[in-house]
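Trainee: The structure's right below; bear with me while I get my questions together.
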Amino acid sequence: MTSNKQTNQEYKQFAKQRETKRPILKNCIRAFLVGGLICTFGQLISTFYIHFFHFTEQNVGNPTVATLIFFTMLLTGFGLYDKLAQFAGAGSAVPVTGFGNAVISAAIEHRAEGFVLGVGGNMFKLAGSVILFGVFSAFVIALIKTLLIQWGVL
Amino acid sequence: MMFFWAFVVGGLICVIGQLMFDILKLTPGHTLSILVVIGALLDGFGLYEPLIDFAGAGATVPITSFGNSLVHGAMQEADQHGLIGVVTGMFEMTSSGITSAIIFGMIGAILFKPKG
Amino acid sequence: MPAFAFHTYKSQVMHMKQIRKKAFLPALLLISLSVTGCANNEDGRSASDNPDYDLTQVSNKSEISQEIANQAKRTILKKQEVIGARAVNTSDQLLVAIEIRQMDRFRLKKLEKNITSDLEKKFKDKKVTVSTDKKIYLELDELESRLQTKDVSEQKLDKETNRIKKLISDEA
Amino acid sequence: MLTGQQTWTFANKPVIISTGTVGGPFEAEGNIAEDFDLLHPDLYMEQDSFEKAHKVLLEKASQQAIDKAGLTKEQIQFFLAGDLINQITPTSFSAKTLGTPYLGLFGACSTSMAGLALSAFLVNASGANYVLTGASSHNAAVEKQFRYPTEYGGQKPPTAQWTVTGAGTALLSNSGQGPVVTSATIGKVIDMGLNDPFNMGGAMAPAAVDTIEAHLNDLNLEPSYYDLIITGDLGKIGRKISLDLFEKNGTNIPDENYVDCGLTIYRKEQHVNAGASGAGCSAVVTYGHFLNRMKRGELNRILVVATGALLSPLTTQQKESIPCIAHAVAIESGGETTP
């Protein structure tokens, strides 16, 4: 077993040297540009809502996010978001549009298995972890902070 | 000016995500989950709100703001109702992202077929 | 339950307002491009010559003197972090919106607090409300403009002021 | 007849009397489009789900092979095929349509040669007169099962491979005209501990090397015996690694005689990262492109080594490494053979 593990390790090295490396710098520049543009577009939507509707900077986030996810639905539905993502990487995954794409793509994909078991059952198969870890970590952090405030530490 | 900083800050958060993809070889699921936790932590230390004031959508559009607003909602409710508010206030400020994803997910499933 | 019902009602009203506004959208979009971010003093409000900040003086055409508001704006703009100010006062209230220099926006909440307490000290007989929100800035700018050009009744001004104050407290 | 450790030689020379190859829209734009019998312009093949389209692919390919041989499906004794989808349902469902006695196979992307080896064995041992074998894959159905929803924006690294939409079938008989199957080597499962599902070529390379070397040893052949040694879907990275492994082991395989189906099927401008893969890949490229070249007399002896990565999303998520396998089948151009 030990010698087998050894050769496995050696092979891993051997294979790694021959792997096509990920173009990290290029990927980062693309992620920066596309991610930045999505956020700028979000800012544009926010500004629009502040000027023409009764939203303040405090609560304009809600309609902005909803609008962005609406556009995500169109891009995902017409099969463009995954192409954008191959180019942009994290640039299109990290903004809230990426969260929307995770939900919407799963919903569209599993339409073939029906609305209840397919769409309903699979909608959050990718985005669920984001909600789980968001909610649980927020719960722990808020709990600690509240206790510290109540005990007068903060 | 706000647009410029939204671009820069939003872009930089995405670069952090890209580095997690490429250097740490994490899946999108792992990367986004970690970013959400980071957002929640930053708000726990009171650091995320200033970033939003500075960069606007550059800080509210990336998924990190999801963690931030979860903590924010919980803390706001906790101020009024004590510990129980931590649970009841959690979704106070973030309902729109999840709600719209569900609604547009359903509409998308009705309107579109996967293109492959 | 009553709180919930109230909330639903409010959002319905908001919704109706949005629908009404939608008709004007194309036109408004064009105007917005020229308006966004600039101070429009076409209504005769005198502006300061200093290009570093944005200050307006509302002359006393209306029955309610805006001298307190003007004074407040001059005070605030002495702070180097502040690059713009709009203010309106009623007989018992002072409503101020400020624009903070981009690099100081990290300390936005703290500056807001400091300025509020400064103004509270200075204008003890008024109830002072300070906001750094862009929306409030726009609303106050519009209200100033109306005070400058038209005769706004005291009752109307109170109503408008309360409406804007409600916007500030509307968190989510 | 067993020769050496793991190789069968077929004295009665089973003949590949006809083949059927069907592809999708992406393959139609590819490098070897003219080698397909049928190309679908639509990924759905007029069905309402990708899995149903997957089934249609294999049905059509089977029908093509049977029609080209001038037979009816009742004359086929056995149908040996497989694919990548859970419980190989697309293959089983098309076996239902075909109505032929059926054995479902799973060897991931090595299924095509597993099927060909077994079919040749059956025919060689007079277990059947006509055996139909094949393998298929559908890009979107496989993506949906193994990776993310097709519309999900996940960036693929340059080591990833593109699953072929296609089905390839071969009809074997004890008599007739066509290339003959002379020997087959069944591979062992090799696991060198790689666990990146986006780098299958790297994981599969040692399995291909192991099977090719076993084949050459068992039959005591030099690599130059074959005009081409054709791997299934090692892709750019797997091909390079396997060549370097051969060199390290002292097996002399010339670069120009060592080709990969995954690097043959698409044009350079089609962005498929490291190359193509999928159960249908080695099937359509071998049964379409390479057998056509044999018929034109450009090739006389080929060794087809289909490689398979035996993973599932479940094993990957449970942090298991990727076990891999490769089966080699030697095909030689033959004249008329009579029983």
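Residue numbers (this note's numbering), protein chains in the order written: chain A, 1 to 154; chain X, 1001 to 1116; chain G, 2001 to 2172; chain D, 3001 to 3339.
Glycine residues also receive a C-beta, built at the ideal position from the N, C-alpha and C atoms.
#1: Taking any Cβ of chain A, which residues in the stretch 3038-3053 of chain D have a Cβ under 8 Å from it, in chain order?
#2: At 4 residues or longer, what runs of the alpha helix (DSSP H) sit wholly inside the stretch 2116-2158 of chain G?
#3: Please list the residues of the stretch 2063-2088 of chain G that have a C-beta atom closer than 7 Å to any C-beta atom in chain A, keeping them in chain order.
#4: Beta-carbon within less than 7 Å of residue 3099 (chain D)'s beta-carbon, same chain only, minus the 5 sequence neighbours each way: which residues are those?
#5: Give the C-beta separation of residue 3282 (chain D) and residue 3112 (chain D) to the nearest angstrom, bearing in mind that I take them to be a contact with Cβ-Cβ under 8 Å.
#6: Rounded to the nearest angstrom, what separates residue 2057 (chain G) and residue 2169 (chain G) at their Cα positions?
#7: Should residue 3018 (chain D) and residue 3080 (chain D) be called a contact, given that it needs their Cβ atoms to be closer than 8 Å?
#8: Using 8 Å as the cut-off, can you tell me whether the stretch 97-104 of chain A makes contact with the stretch 3033-3043 of chain D, which would need three or more C-beta pairs spanning the two stretches below that distance?
#9: Using the beta-carbon count (16 or more within 10 Å), is residue 1104 (chain X) buried or exposed?
#10: Can you list the residues of chain E that residue 1028 (chain X) reaches, using a CB-CB cut of under 8 Å?
#11: Do we get a CB-CB distance below 8 Å when we pair residue 2054 (chain G) with the residues of chain A?
#12: For residue 139 (chain A) and chain G, any beta-carbon pair shorter than 8 Å?
#13: Reducing DSSP to helix, strand and coil, say where residue 3094 (chain D) ends up.
#14: Is it buried or exposed for residue 2153 (chain G), if we count other Cβ within 10 angstroms and need 16 for buried?
#15: Exposed or buried, which one is residue 154 (chain A) when buried takes at least 16 other CB atoms within 10 Å?
#16: With C-beta atoms as the reference, is residue 1057 (chain X) less than 8 Å away from residue 1017 (chain X)?
#17: If I follow the unbroken alpha helix (DSSP H) through residue 1014 (chain X), where does it start and stop?
#18: Output yes if chain A places a C-beta closer than 8 Å to the C-beta of residue 3192 (chain D); else output no.
#19: Hey, out of A:26, A:19, A:16 and A:117, whose CA is closest to residue 1019 (chain X)'s CA?
#20: How would you list, in chain order, the residues of chain G whose beta-carbon sits under 8 Å from the beta-carbon of residue 55 (chain A)?
#21: Should residue 78 (chain A) go down as buried or exposed, given a rule of 16 or more other Cβ atoms within 10 Å for buried?
#22: Could you list the residues in the stretch 3145-3173 of chain D with a C-beta less than 9 Å from some C-beta on chain X, going in chain order?
#23: If you reduce the DSSP assignment to three classes, tell me which class residue 60 (chain A) lands in.
#24: In terms of residues, what are the limits of the alpha helix (DSSP H) holding residue 2074 (chain G)?
#25: Taking residue 3261 (chain D) as part of the alpha helix (DSSP H), name the residues at either end of that continuous run.
#26: Residue 3324 (chain D) lies in the beta strand (DSSP E); which residues open and close that run?
#27: Does residue 93 (chain A) get closer than 8 Å to chain D when you measure Cβ to Cβ?
#28: Pick helix, strand or coil for residue 3155 (chain D), following the three-state DSSP scheme.
#29: By DSSP's criteria, residue 3137 (chain D) is part of a beta bridge. Which residues make up the other side?
#30: Using a 10 Å radius around the Cβ and a threshold of 16 neighbouring Cβ atoms, would you call residue 3230 (chain D) buried or exposed?
#31: Looking at residue 2085 (chain G): is its Cβ nearer than 8 Å to the Cβ of residue 2094 (chain G)?
#32: Residue 3308 (chain D) CB to nearest chain A CB: under 8 Å?
#33: Can you tell me whether residue 2025 (chain G) is buried or exposed? The criterion is at least 16 other CB atoms within 10 Å of its CB, across all chains shown.
#34: Which residues, taken in chain order from the stretch 3188-3220 of chain D, show a beta carbon closer than 7 Å to some beta carbon of chain A?
#35: Taking the Cβ atom as the reference point for each residue, do residue 3054 (chain D) and residue 3141 (chain D) lie within a distance shorter than 8 Å?
#36: Buried or exposed: where does residue 3189 (chain D) fall if 16 or more other Cβ atoms within 10 Å of its Cβ makes it buried?
Mentor: So, from the listed chains and residues:
#1: 3048, 3049, 3050 and 3051
#2: Scanning the stretch 2116-2158 of chain G from its first residue to its last, the whole alpha helix (DSSP H) runs of 4-plus residues come out as 2134-2149.
#3: none
#4: As a position in the fourth sequence, residue 3099 (chain D) is number 99, starting the count at 1. For residue 3099 (chain D), where only same-chain residues beyond five positions count, the Cβ hits under 7 Å are 3073.
#5: Working through the fourth sequence from its first residue, we reach residue 3282 (chain D) at position 282. Working through the fourth sequence from its first residue, we reach residue 3112 (chain D) at position 112. About 5 Å; that satisfies the 8 Å criterion.
#6: The residue given as residue 2057 (chain G) occupies position 57 in the third sequence. The residue given as residue 2169 (chain G) occupies position 169 in the third sequence. Rounded to the nearest whole angstrom, the CA to CA distance from residue 2057 (chain G) to residue 2169 (chain G) is 27 Å.
#7: Taking the fourth sequence and counting its residues from 1, the one referred to as residue 3018 (chain D) is at position 18. Taking the fourth sequence and counting its residues from 1, the one referred to as residue 3080 (chain D) is at position 80. No; because the gap between Cβ atoms is not below 8 Å, this pair is not in contact.
#8: Below 8 Å, too few C-beta pairs join the stretch 97-104 of chain A and the stretch 3033-3043 of chain D to call them touching: fewer than three.
#9: As a working mapping, residue 1104 (chain X) is identified with position 104 in the second sequence. Under this definition residue 1104 (chain X) is a buried residue.
#10: The structure shown has no chain E; the protein chains it does contain are A, X, G and D.
#11: Looking up residue 2054 (chain G) in the third sequence gives position 54. Residue 2054 (chain G) does not count as touching chain A.
#12: Taking the first sequence and counting its residues from 1, the one referred to as residue 139 (chain A) is at position 139. Residue 139 (chain A) is outside the set of residues whose beta carbon lies under 8 Å from a beta carbon in chain G.
#13: For the purposes of this step, residue 3094 (chain D) is identified with residue 94 of the fourth sequence, where counting begins at 1. In the structure shown, residue 3094 (chain D) sits in a helix (DSSP, three-state: H, G or I).
#14: Taking the third sequence and counting its residues from 1, the one referred to as residue 2153 (chain G) is at position 153. Flag for residue 2153 (chain G) reads exposed.
#15: Start at 1 with the first residue of the first sequence, and residue 154 (chain A) comes out as number 154. Looking at its Cβ environment, which holds fewer than 16 other Cβ atoms inside 10 Å, residue 154 (chain A) is exposed.
#16: Counted from its first residue, the second sequence places residue 1057 (chain X) at position 57. Counted from its first residue, the second sequence places residue 1017 (chain X) at position 17. Their beta carbons are not under 8 Å apart, which means residue 1057 (chain X) does not touch residue 1017 (chain X) by this criterion.
#17: On the second sequence, residue 1014 (chain X) is found 14 positions in, with the first residue counted as 1. That run of the alpha helix (DSSP H) goes 1002-1022.
#18: By 1-based counting over the fourth sequence, the position of residue 3192 (chain D) is 192. Yes, residue 3192 (chain D) counts as interfacial toward chain A.
#19: Numbered from 1 along the second sequence, position 19 holds the residue referred to as residue 1019 (chain X). With distances taken between Cα atoms, residue 1019 (chain X) lies closest to A:26.
#20: Position 55 of the first sequence, counting from 1, holds the residue named residue 55 (chain A). Those within 8 Å of residue 55 (chain A) in chain G are 2135.
#21: Taking the first sequence and counting its residues from 1, one reaches residue 78 (chain A) at position 78. Under this definition residue 78 (chain A) is an exposed residue.
#22: 3148, 3149, 3150, 3151, 3152, 3153, 3154, 3155, 3157 and 3165
#23: In the first sequence, residue 60 (chain A) corresponds to position 60, counting from 1. Correct three-state label for residue 60 (chain A): coil.
#24: On the third sequence, position 74 is the one that residue 2074 (chain G) refers to. Run containing residue 2074 (chain G): 2067-2077, per the alpha helix (DSSP H) assignment.
#25: As a working mapping, residue 3261 (chain D) is identified with position 261 in the fourth sequence. It spans 3261-3264 - the alpha helix (DSSP H) in which residue 3261 (chain D) sits, taken as one unbroken run.
#26: To locate residue 3324 (chain D), count along the fourth sequence from 1; it is residue 324. Element bounds for residue 3324 (chain D): 3324-3332.
#27: Start at 1 with the first residue of the first sequence, and residue 93 (chain A) comes out as number 93. So yes, residue 93 (chain A) belongs to the interface.
#28: In the fourth sequence, residue 3155 (chain D) corresponds to position 155, counting from 1. It is coil, neither helix nor strand.
#29: Numbered from 1 along the fourth sequence, position 137 holds the residue referred to as residue 3137 (chain D). Answer by DSSP bridge pairing, in chain order: D:3166.
#30: Here residue 3230 (chain D) corresponds to residue number 230 of the fourth sequence, with the count starting at 1. Flag for residue 3230 (chain D) reads buried.
#31: For the purposes of this step, residue 2085 (chain G) is taken as the residue at position 85 of the third sequence. For the purposes of this step, residue 2094 (chain G) is taken as the residue at position 94 of the third sequence. No, these two residues do not count as a Cβ contact at 8 Å.
#32: Here residue 3308 (chain D) refers to the residue found at position 308 when the fourth sequence is read from its first residue. Taking Cβ atoms only, chain A never reaches closer than 8 Å to residue 3308 (chain D), which makes this a no.
#33: Sequence index remark: in the third sequence, residue 2025 (chain G) carries index 25 (1-based). At residue 2025 (chain G) the pLDDT is 42, less than 50, meaning the model places this residue with poor confidence; the figure from the coordinates comes in the next sentence. By the neighbour-count criterion, in which a residue is buried when 16 or more other Cβ atoms sit within 10 angstroms of its Cβ, residue 2025 (chain G) is exposed.
#34: Those would be 3192, 3193, 3194, 3199, 3202 and 3206, in chain order.
#35: Along the fourth sequence, one-based indexing puts residue 3054 (chain D) at 54. Along the fourth sequence, one-based indexing puts residue 3141 (chain D) at 141. A contact, by the Cβ cut-off of 8 Å.
#36: For the purposes of this step, residue 3189 (chain D) is taken as residue 189 along the fourth sequence, with counting starting at 1. Residue 3189 (chain D) should be labelled exposed.
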